[in-house]
Amino acid sequence: MGRVVGIDLGTTYSLIAWLDPATGTPQCIPGPYGSTLCPSVVSVDGQGKILVGEPARQRLLTHSERTIYSVKRLMGRGVADVQDELKIFPFRIDAGSQNVIRVRLGDRTFTPPEISSFILRELKGWAEAFFKEAVDRAVVTVPAYFNDGQRQATKDAGRLAGLEVLRLVNEPTAAALAYGLHKQKRGRVAVYDFGGGTFDISTLKLIATDEGDIYQVLSTNGDTHLGGDDIDSTLMNLTRAEIQQKYSVSLDDHPEAVQELRKAIIAAKHALSDQESVTVRFPLGGTRGADAYERRITRGEFEELIRPIVARTMAPVKLALADAKLASPEIDEVVLVGGSTRIPLVRRTVGEYFGRAPHAELNPDEVVALGAAVQADILESGVKTMLLLDVTPLSLGIETMGGVIAKIIPRNSTIPASAQELFTTGVENQTGIDVHVLQGERELAKDCRSLAKFQLRVPPGPAGLARIEVKFLIDANGILQVAAKDMRTGAQHSIEIQPSYGLTDTEIENMLEESIEFAEQDFEERQRIEARTEAGSILTATTKALQNAGEADLPTAERASIEKAAAALRTAAAGQDYKLMRQRIDELNQATNHLAELVMNGALQSAFEGKRLDDV
Amino acid sequence: MNAPSTTIRDAGVACWQCGAASRGEYFCPACGKIQPLPRGATYFDLFGMPPQLGIESAALESRFHKLSWKLHPDNFTHATEFERNLSLQRCSELNDAYRALREPISRVEYLLAQRGMRREGAAKQKAPPELLEEVFELNEWLDQLRENRAAASGAAPAELLQRLHHARDNFQEKLGSVDAELEKVCREWDRAIAATGGPAAQEDPTQQAILNRLNEILNRRSYIRNLVAGVQTELAGP
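Here the protein sequences line up with chains A and B, keeping their order. Using my numbering, the letters of the first sequence map in sequence onto residues 1 to 616. Using my numbering, the letters of the second sequence map in sequence onto residues 1001 to 1238.
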């Protein structure tokens, strides 16, 4: 078995970490560019090759239609859900998408779990290069406020990346774990996690017991579509409108220019965390007599612009405290997580609300991945020094008469959690009972998130005779499991669940098979093409060299052996075996050693005009 | 740790692994393997306590933590699928039990539901007879308030608002006395089960009478609570 890691699959950046047994501390693993942050960007090049991270991010400016960022916003969602996002994000959703979104990148389409799996695979590669060993299991973090579908999609991404997902851990909880380990503190903690695309607030109780430390989550709340991305969008709207107004330049049909402006905006946002003002510069290349659009933004103006976004985080904070039955002064420590908490206005707002300076000693980008690594080690080593007791963020309910929801597992229940419901028939000879499972806090089914529908099949009989007990169980990952039992016979009842959003098991299996098959096929095909191309050029060069070589330069026996090797290569290149082609190329290269020398000495120079030496 | 010695009365089953007889322990006393939930076990049984309504929350929480430490799926990553599933079931039952028992009201609701005396939505919306007059009056004022708001002026007379505030405070106060009454009857229940050395409630008329009273108090409580919440919403305005 390979190594176990912790992964923070973020909206903007993703990270991978491990627990170093030598030091007992978690550490993030750097990638080939030296940074531990892998931009959560995926791009597909002209040959269909998938690029992830920094190289993909660079292609946002050159190949924006083949590149995607912030895919986390699409995880576990249907087409109807993301209409608002499409106004802000350049996602190219395929027209045929239904309950599973398909995103177009160049001439191929991918589901969000597939795109996320490319990011996971890249990180896995970083860790494998670091360990020089295979990595096959991981703890992956998700926003605490992710619903069942979003969690399932994340788990699917892991599976598609060749990782067994040992556990999904909520991001603020993972942060609390890393933080608690670091500070050895006890008491009530609030974790304010404001990332690139999601906002979470969790309240926890850190308790020392005889066995070890328990991190008990009391409540969680949040917004899975609120983050630094929204701040960027606000600044984008402002600057785009100004560019349009001042220079009559519309960026609407210039996705690359939009990305360039976005890059400048993000740099400005980062700068405003340390500086009082910044100037955004966007080159116009002489359009309308202007070299560039330049805009000075002061921190004051920035704060006014983003105040409504920061204010939106406070409603979930209040709800989380109310659910934990805590008043803000009862919180002993406030921990900041996520890149957006670097913004001074965010720190001030949180500090004022809780009446205490928030903690930010640990790197807010890394702390979630570090916590995931700690949990991964606990699960793997079996040596438990601490225990996380997390909660489900949303109430689970079933639809009853009139489209009203009956809540069966309330939000903030410690997970795993379960509920039993007894179902029976309402009319004579009814053969099926429809069950609709939903998640959310609203009263009506239409306002909640549909998770799944299934039908309990019963033999025809008088109304009310059938008695099927359905057990709904939310596991430690926050994912729903359903089992049904016939109470009259005691037999397990089989149910086929149709997930409302996301991929079915069969679809995943197919994707998994395809990805492995394609990966092998793609690899072989590429090898074949490369070998054939190389064979072509070496044969051409050899033929020309032989034509130009005189008897004095090249003995007959040598010429015969070259011709024999060339013929063998020609035969191999006509076939499919790239390994044989490589072997024949090597053999021909051996045979033409002397001929190549002649070429280098200039004797046959004329034959090689326009050819590079290494073609010979 | 005394939790694994928790036994569930009248449950005599054989361990699925070694066949040793167990009396409802979480783990087999012979081989230490995790065991399924014994048939008929109640949430009180899971915590190894009689079905009492007065529970010290710190003690319950500490017991919850000890049991969580043992039963949590974290401990079973490398176990067989069967054991992993058992851990998932047992841990979820523990969490469900803790959720039901940690709050005094939900504890009473659980005790009643377990005896088939309480169903969601049933018999809750009937006004308690002694409140009928006051409720009638309140509803009239609320109608007036809505009429006033619907009218062009939009503002309700200060006198009406004052009356509504007063009514809300009045019902809030009643809620307080209902809670005090509930507490008193809960203590009666605890004394009754202590006296019989365990609950044989179905047959015991004294216990049954207490349960009926508890049920009636819960209904009254839920009715008044809805009333207060309703007035609150109306006062907050549209």
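Where a beta carbon is used, it is the ideal one built from N, C-alpha and C, also for glycine. Predicted model only: the values in this text are computed from it and were never measured.
>> With a threshold of 9 Å between beta-carbons, can S418 (chain A) be considered close to chain B, or not?
In response: Position 418 of the first sequence, counted from the start, is the residue given in the question as residue 418 (chain A). By this cut-off, S418 (chain A) is an interface position.
> In the structure shown, what three-state DSSP assignment does T12 (chain A) receive?
Replying inline: Start at 1 with the first residue of the first sequence, and residue 12 (chain A) comes out as number 12. Coil, per DSSP.
> So is P1038 (chain B) buried or exposed if we call it buried at 16+ other beta carbons inside 10 Å?
Replying inline: Residue mapping note: residue 1038 (chain B) aligns to position 38 of the second sequence, counting from 1. Looking at its Cβ environment, which holds 16 or more other Cβ atoms inside 10 Å, P1038 (chain B) is buried.
> What does DSSP give as the partner residues of A208 (chain A) in its beta bridges?
Replying inline: Residue mapping note: residue 208 (chain A) aligns to position 208 of the first sequence, counting from 1. Paired residue(s): A:D213.
> Looking at the structure shown, is S500 (chain A) part of a helix, part of a strand, or coil, going by DSSP?
Replying inline: Numbered from its first residue, the first sequence carries residue 500 (chain A) at position 500. Annotated three-state conformation of S500 (chain A) is coil, per DSSP.
> In this structure, does DSSP put W18 (chain A) in helix, strand or coil?
Replying inline: Position 18 of the first sequence holds residue 18 (chain A). In this structure, W18 (chain A) counts as strand in the three-state DSSP scheme.
>> Can you tell me whether V100 (chain A) is helix, strand or coil according to DSSP?
In response: As a first step, residue 100 (chain A) must be located in the first sequence, where it is residue number 100. Reduced to three states, the DSSP call for V100 (chain A) is coil.
>> For L163 (chain A), tell me which candidate among A:R411, A:D365, A:L336, A:P113 has the shortest Cα-Cα distance.
In response: What you label residue 163 (chain A) is simply residue 163 of the first sequence in a count that begins at 1. Here the closest residue by C-alpha is A:P113.
> With distances taken from CA atoms, which of A:S413, A:S248, A:I378, A:E380 is nearest A320 (chain A)?
Replying inline: Position 320 of the first sequence, counted from the first residue, corresponds to residue 320 (chain A). Residue A:S413 is the option with its Cα nearest to A320 (chain A).
> Based on Cα-Cα distance, which residue from A:C448, A:L473, A:V334 lies nearest to R188 (chain A)?
Replying inline: Translated into positions along the first sequence, residue 188 (chain A) becomes position 188. Answer by Cα proximity: A:V334.
>> So K384 (chain A) contacts chain B; which residues on that side make the cut at Cβ distance below 8 Å?
In response: Numbered from its first residue, the first sequence carries residue 384 (chain A) at position 384. Chain order gives the chain B residues near K384 (chain A) as W1069, D1074, N1075, where near means a beta carbon separation below 8 Å.
>> Give me the residue from A:D210, A:P459, A:A271, A:R3 with the minimum Cα distance to F131 (chain A).
In response: Your numbering for residue 131 (chain A) matches position 131 in the first sequence. Proximity to F131 (chain A) across A:D210, A:P459, A:A271, A:R3 peaks at A:R3, based on C-alpha coordinates.
> Is E1056 (chain B) close to chain A, meaning its C-beta is less than 9 Å from at least one C-beta of that chain?
Replying inline: Numbered from 1 along the second sequence, position 56 holds the residue referred to as residue 1056 (chain B). Closer than 9 Å: no.
> According to a CB-to-CB cut-off of less than 8 Å, which residues of the stretch 1082-1099 of chain B neighbour chain A?
Replying inline: Cβ contacts with chain A: L1088, Q1089, C1091, S1092, E1093, N1095, D1096, Y1098, R1099.
> Looking at C-beta atoms only, is the number of pairs between the stretch 80-88 of chain A and the stretch 280-295 of chain A that lie closer than 8 Å three or more?
Replying inline: The stretch 280-295 of chain A and the stretch 80-88 of chain A do not touch, with fewer than three beta-carbon pairs separated by less than 8 Å.
> What are the complete alpha helix (DSSP H) segments, minimum 4 residues, inside the stretch 81-130 of chain A?
Replying inline: Entirely contained in the stretch 81-130 of chain A, the alpha helix (DSSP H) runs reaching 4 residues are, in chain order, 83-88.
>> Here's the rule I'm using: 16 or more other beta-carbon atoms within 10 Å means buried, otherwise exposed. How should G76 (chain A) be labelled?
In response: Locating residue 76 (chain A) in the first sequence gives position 76, where the first residue counts as 1. Here G76 (chain A) is buried. Its C-beta has 16 or more other C-beta atoms within 10 Å.
> To the nearest angstrom, how far is it from the Cα of L1160 (chain B) to the Cα of I409 (chain A)?
Replying inline: Here residue 1160 (chain B) refers to the residue found at position 160 of the second sequence. Here residue 409 (chain A) refers to the residue found at position 409 of the first sequence. L1160 (chain B) and I409 (chain A): Cα-Cα distance of roughly 41 Å.
> Exposed or buried, which one is L168 (chain A) when buried takes at least 16 other CB atoms within 10 Å?
Replying inline: Stepping through the first sequence from its first residue, residue 168 (chain A) is reached at position 168. In this structure L168 (chain A) is buried. Its beta-carbon is surrounded by 16 or more other beta-carbon atoms within 10 angstroms.
> Are any of the Cβ atoms in chain B nearer than 9 Å to that of D332 (chain A)?
Replying inline: Locating residue 332 (chain A) in the first sequence gives position 332, counting from the first residue. Using a Cβ-Cβ cut-off of 9 Å, D332 (chain A) does not count as an interface residue toward chain B, since no Cβ of chain B sits closer than that to its own.
> Where does A153 (chain A) land, buried or exposed, given buried means 16+ other C-beta within 10 angstroms?
Replying inline: Within the first sequence, the letter at position 153 stands for residue 153 (chain A). Under this definition A153 (chain A) is a buried residue.
> For Q1172 (chain B), which residues from the same chain have a beta carbon less than 6 Å from its beta carbon, with the 5 sequence-adjacent residues on both sides left out?
Replying inline: Taking the first residue of the second sequence as 1, we reach residue 1172 (chain B) at position 172. Excluding residues within five positions, the ones whose Cβ falls inside 6 Å are V1228.
> Can you list, in chain order, the residues of the stretch 185-216 of chain A whose Cβ is nearer than 9 Å to any Cβ on chain B?
Replying inline: So the list reads I207, T209, D210, E211, G212, I214, Q216, given in the order they occur along the chain.
>> Which same chain residues end up closer than 7 Å to E256 (chain A) when comparing Cβ atoms and leaving out the 5 residues on each side of it in sequence?
In response: For this step, residue 256 (chain A) is matched to residue 256 along the first sequence. Closer than 7 Å at the Cβ level, and outside the excluded window around E256 (chain A), lie L61, T62, S64.
> Using a beta-carbon distance below 9 Å, is R3 (chain A) in contact with chain B?
Replying inline: Within the first sequence, residue 3 (chain A) is the residue found at index 3, counting from 1. No, R3 (chain A) lies away from the interface with chain B (no Cβ there is under 9 Å from its Cβ).
> Beta carbon of F388 (chain A), beta carbon of L218 (chain A): below 9 Å?
Replying inline: Here the question's residue 388 (chain A) lines up with position 388 in the first sequence. Here the question's residue 218 (chain A) lines up with position 218 in the first sequence. Reading off the sequence, residue 388 (chain A) comes out as Leu, not Phe. Cβ distance not < 9 Å, so L388 (chain A) and L218 (chain A) don't count as in contact.
>> Please report whether the beta-carbon of S1222 (chain B) lies at a distance below 9 Å from any beta-carbon of chain C.
In response: Checking the listed chains, one finds no chain C in this structure; the protein chains it contains are A and B.
>> Quick check on this structure: which residue in A:I231, A:S35, A:T203 has the alpha carbon closest to the alpha carbon of N621 (chain A)?
In response: With chain A running from 1 to 616 in the structure shown, residue 621 (chain A) is simply not present.
>> Quick check on the burial criterion: 16 or more other C-beta atoms within 10 angstroms. Buried or exposed for H1165 (chain B)?
In response: In the second sequence, residue 1165 (chain B) corresponds to position 165, counting from 1. Exposed.
> For the alpha helix (DSSP H) that contains N601 (chain A), what are its first and last residues?
Replying inline: Here residue 601 (chain A) refers to the residue found at position 601 of the first sequence. Unbroken run through N601 (chain A): none, as it is neither H nor E.
> At a Cβ threshold of 9 Å, is K1066 (chain B) touching chain A?
Replying inline: As a first step, residue 1066 (chain B) is located in the second sequence; it is residue number 66 there, counting from the start. With 9 Å as the cut-off, K1066 (chain B) counts as an interface residue toward chain A.
>> Is there a Cβ of chain B sitting closer than 9 Å to that of L166 (chain A), yes or no?
In response: Counted from its first residue, the first sequence places residue 166 (chain A) at position 166. Under the Cβ distance rule, L166 (chain A) counts among the residues neighbouring chain B, one pair being separated by less than 9 Å.
> Which residue's Cα is closest to the Cα of N1215 (chain B): B:A1030, B:G1176, B:E1109, B:E1181?
Replying inline: Here residue 1215 (chain B) refers to the residue found at position 215 when the second sequence is read from its first residue. Comparing alpha-carbon positions, the option among B:A1030, B:G1176, B:E1109, B:E1181 lying closest to N1215 (chain B) turns out to be B:E1109.
> What residue from A:D94, A:R92, A:R121, A:L19 has the CA that sits closest to T53 (chain A)'s CA?
Replying inline: Taking the first sequence and counting its residues from 1, one reaches residue 53 (chain A) at position 53. Sequence check: residue 53 (chain A) is Gly here, not Thr. Considering only A:D94, A:R92, A:R121, A:L19, the residue with the shortest C-alpha distance to G53 (chain A) is A:R121.
>> What does the Cβ neighbour count give for G1032 (chain B), buried or exposed, with the cut at 16 atoms within 10 Å?
In response: Counting from 1 along the second sequence, the entry for residue 1032 (chain B) is found at position 32. Answer is exposed; the Cβ neighbour count stays below 16.
> Over what stretch of residues does the beta strand (DSSP E) that includes F302 (chain A) continue unbroken?
Replying inline: Position 302 of the first sequence, counted from the start, is the residue given in the question as residue 302 (chain A). Counting along the chain, no beta strand (DSSP E) covers F302 (chain A); the unbroken alpha helix (DSSP H) around it starts and ends at 299-323.
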